[in-house]
């Protein structure tokens, strides 16, 4: 199975008037097989799945999530992992992510 993703970073950006969270990780060893990259976002406290997505570029663990897809939750965590024909990697956990209330910004 593939090695875990590592060195994940998160940044917020504006993309055609919608706010986006961009998550970029470094892929681990693929075991010589093609791998896909997945990301899941969960609301903290309830552990409710809010987003389940794949990387925007098949060969790279780069993900984009519209912030609107996470609302009304403002506190959540992400898990990112690789999948290939031999199974799923261990997950990379990004905890304690807070969104500011963009509705109150002027």
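In full-length UniProt numbering, the protein residues as written are 1 to 106.
C-beta atoms are modelled at their ideal positions from N, C-alpha and C, and glycine is treated no differently.
Here the structure is a predicted model, which means the values were calculated and not measured.
The three-state reading of DSSP puts residue 79 in strand, counting E and B together. If you draw a straight line from the Cα of residue 74 to the Cα of residue 32, it comes to about 39 Å.
Rounded to whole angstroms, the gap between the alpha carbons of residue 5 and residue 26 is 6 Å.
The alpha carbon of residue 9 has as its nearest neighbour, out of 90, 61, 84, the alpha carbon of 61.
Residue pairing from DSSP places residue 36 in a beta bridge opposite 83. A check of alpha carbon separations from residue 7 across 16, 91, 51 identifies 91 as the nearest. When DSSP reads this structure, residue 67 sits in no beta bridge, so it has no partner.
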